[in-house]
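Residue numbers (my numbering): 976 to 1377. Ideal Cβ placement from N, Cα and C applies to all residues, glycine included. Just below is one structure, and these are the notes that go with it.
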């Protein structure tokens, strides 16, 4: 044991081994007590919308930006903070380090619990393990469900959703939570597309001679993508939809001959794309060139305040399809003139940035942004203080160093 911290900032090198367990338990209690105080202030901060002073749209956005939390963690902290404000027995026990953060997280997941239930669960958490507490919570939920009448609001639909996750190996995960009826609709639709796809009578072999058999899950994935592409092609009463509204961007450096193995190869949000897949796409699609280095040709000056299609594409690719406001990651955006058109600004790519609807409104309501959109843009509050600076998606300091 090289060093321990007896009190904050004071190194301790002579701690006997039998004290370590006590030391760890005591410090864990201090951490939980500090967490309770932090969550109490967070609830008040969120209630007063203190995050709006920084131009953020919610407490979760502010936490992600200022404290570098993951989105799921930010929402969880806010959930617990507000629940503790409504449940004084749990809050008092947490503030006094009588129960752990894990216990608080479990107890506050119960909705509509009475003060008596909270007191009972706090007693279990104080005297037992979190495992025993979770067993007590499961028992309570089963008992509560049996006592509910059928006309009570069914909250199961609150869990419905579709979430898309990018992987690190060129693959991704589409997670879908549906009702039983909706899931059956999806199954039947997938089966219809499966029935339209011929089953290969013999296994395929790759370039190394290894036999490749398409399993049931892979066939379903093929049918699912066939369904998606069919829906996209007929999303407007059987007519093909506008290319720019549903355009899939793949960004690459392909202008220089002989560089098939080098340069950028990614989706618009920065997800790496295998070069072989990229060039397969380029073999059978329209190519829209974007100037990402050197002289920028997409300048319209004072001719018009309306961004043309080529400019919209170029700005979308440069900004990664996301709002440029610090801490914002929304993808439904307008293009904001850094130097307002009404005040003599020009409609040039380096003078426009992506801004979501809310932040675009803020930038015309006291907040402002200054800089070169192709490099760095600094954002200011109405009182002139700096919120932060952002750079194009492909030119961040982290990516530049890799």
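- Taking a contact to require three or more Cβ pairs closer than 8 Å, the segment 1075 to 1089 and the segment 1030 to 1048 do not qualify as touching.
- Of the candidates 1321, 1349, 1098 and 1052, the residue whose Cα lies closest to the Cα of residue 1068 is 1098.
- The three-state secondary structure of residue 1311, taken from DSSP, is strand.
- Linking residue 1206 to residue 1167 through their CA atoms gives a straight-line distance of about 14 Å.
- The Cβ neighbour count for residue 1138, taken over all protein chains shown within 10 Å, is under 16; the residue is labelled exposed.
- For the set 1065, 1145 and 1056, the Cα lying nearest the Cα of residue 1240 is the one of 1145.
- Between residue 1300 and residue 1330, the C-beta gap is smaller than 8 Å, which places the two residues in contact.
- Nearest in C-alpha terms to residue 1072, of all of 1159, 1101 and 1052, is 1101.
- Here residue 1033 is near residue 1026, since their CB atoms are less than 8 Å apart.
- Residue 1031 is classed as buried because its beta carbon has at least 16 other beta carbons within 10 Å across all chains shown.
- Following the DSSP letters along the chain, one finds residue 1240 inside the beta strand (DSSP E) bounded by residues 1240 to 1242.
- Where residue 1352 is concerned, the enclosing beta strand (DSSP E) starts and stops at 1352 to 1355.
- Going by DSSP, residue 1010 is part of the alpha helix (DSSP H) stretching over 995 to 1022.
- Around the beta-carbon of residue 1011, 16 or more other beta-carbon atoms lie within 10 Å, marking it buried.
- With 16 or more neighbouring CB atoms inside 10 Å of its own CB, residue 1017 falls in the buried class.
- In the structure shown, the three-state DSSP call for residue 1367 is coil.
- For residue 1049, the uninterrupted alpha helix (DSSP H) run begins and ends at 1046 to 1061, by DSSP.
- Our two residues, residue 999 and residue 1106, have alpha carbons roughly 20 Å apart in a direct line.
- Note: residue 1140 is bridge-paired with 1148 in the DSSP secondary-structure output.
- Under DSSP, residue 1296 takes part in no beta bridge, so it has no partner.
- Linking residue 1292 to residue 1306 through their CA atoms gives a straight-line distance of about 12 Å.
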